[in-house]
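Q: The sequence shown maps to residues 3 to 114 in the working numbering. Even for Gly, the Cβ is constructed at its ideal location relative to N, Cα and C. All of these numbers come straight from a predicted model, not from anything done at the bench.
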Amino acid sequence: MKFCEVCNSRLKIKQFKEEGKTVLRYYCPRCNKVYGPVVLSSLEEKKEENKPIKVLSEKESKIDTMPTIEIECPKCGNNKAYWWLLQTRSGDEPPTQFYRCTKCGYTWRMYA
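Below is the structure:
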């Protein structure tokens with residue numbers, strides 16, 4: 003994220019036509035100052051491996067005190083599950099929601 007040297011507003015990217023070419027440049031929407039071309043860098047996407055879910059026994063997890071939600075179990079079709087949140091990825095990403103069926107005990111997760 004870049005900021006204007008004149009008014010400290012956040013810079014935006016805009017297309018400019020220069021000598022028959024399209025160039026991306028930073029510009030300030032407040033004071034209209036135009037800055038040098040945008041340097042694009044390639045980002046490498048890293049896919050996380052599916053890690054096994056640690057399943058706790060009812061005694062370990064104190065499951066009776068956990069909140070419940072109406073959601074269909076993908077294994078048995080029951081319409082009620084316990085749920086909890088856990089930060090499984092980096093801090094700037096939303097937490098992962100875990101569900102455990104109240105009938106069959108099947109545990110699954112959803113990424114927010």
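Taking the continuous beta strand (DSSP E) assigned at valine 36, which residues delimit it?
A: Here the beta strand (DSSP E) through valine 36 covers 36 to 39.
Q: Could you pull the DSSP bridge partners for threonine 90 from this structure?
A: Answer is none; threonine 90 lacks a bridge partner.
Q: Identify which residue in Lys14, Glu95, Glu20 and Val40 has its Cα closest to the Cα of cysteine 33.
A: Closest option to cysteine 33, Cα to Cα, is Lys14.
Q: So glutamate 72 and asparagine 81 are supposed to be a Cβ contact under 8 Å. How far apart are they, rounded?
A: Yes, glutamate 72 and asparagine 81 are in contact; Cβ-Cβ is about 6 Å, under 8 Å.
Q: In its own chain, which residues sit with a C-beta less than 7 Å from the C-beta of glutamine 99, not counting the 5 before and 5 after it?
A: Only Trp85, Leu87, Arg111, Met112 and Ala114 meet the Cβ criterion.
Q: Where do the ends of the beta strand (DSSP E) carrying tyrosine 113 lie?
A: First-last of the beta strand (DSSP E) with tyrosine 113: 109 to 113.
Q: Rounded to a whole number of angstroms, what is the C-alpha to C-alpha distance between proline 39 and tyrosine 29?
A: The straight-line gap from Cα to Cα measures roughly 10 Å.
Q: Flag this pair as yes or no: are the beta carbons of arginine 116 and lysine 16 separated by less than 8 Å?
A: The chain is shown from 3 up to 114; residue 116 falls before or after that span and cannot be answered.
Q: What are the start and end residues of the beta strand (DSSP E) that includes leucine 26?
A: Looking at the DSSP string, the run of the beta strand (DSSP E) that includes leucine 26 is 23 to 29.
Q: From valine 36 to threonine 24, what does the alpha carbon distance come to, in whole angstroms?
A: Cα to Cα, the separation comes out at about 15 Å.
Q: Which of the three DSSP states, helix, strand or coil, is assigned to threonine 67?
A: DSSP places threonine 67 in helix when its eight states are reduced to three.
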